[in-house]
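*Asks:*
Numbering (full-length UniProt numbering), first residue to last: 1 to 84.
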């Protein structure tokens, strides 16, 4: 499959383009709806409405986690540059 041709990426039933289109569209809608539900569930966990202290704690944890991930990525990049 050269250059990831879209015609050949999502073929469920070869030779039936309209059936493939319908199945892929149904799958896309299902995944989109599921991700919408998950992000709404996580939003209520991460951003509480009435407890400001919990909101501050979650914000600080998010910032700390982001800083740790950034530092880990920087270390991995330095190691990669050093050994390649």
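Beta carbons are placed, not taken as given, at the ideal position from N, Cα and C, and that holds for glycine. Please read all numbers here as calculations on a predicted model, not as lab measurements.
What ranges does the alpha helix (DSSP H) occupy inside the UniProt domain "Cas1p 10 TM acyl transferase" (7 to 55), keeping only unbroken runs of at least 4 residues that lie completely in it?
*Replies:* With a minimum length of 4 residues, the continuous alpha helix (DSSP H) runs that stay inside the UniProt domain "Cas1p 10 TM acyl transferase" (7 to 55) are 17 to 46.
*Asks:* Measure the Cβ-Cβ separation of residue 13 and residue 20 and say whether it is below 8 Å.
*Replies:* It is a contact, given that the beta carbons lie within the stated cut-off.
*Asks:* Between the C-alpha atoms of residue 30 and residue 39, what's the straight-line distance to the nearest angstrom?
*Replies:* Between residue 30 and residue 39, the C-alpha separation is close to 14 Å.
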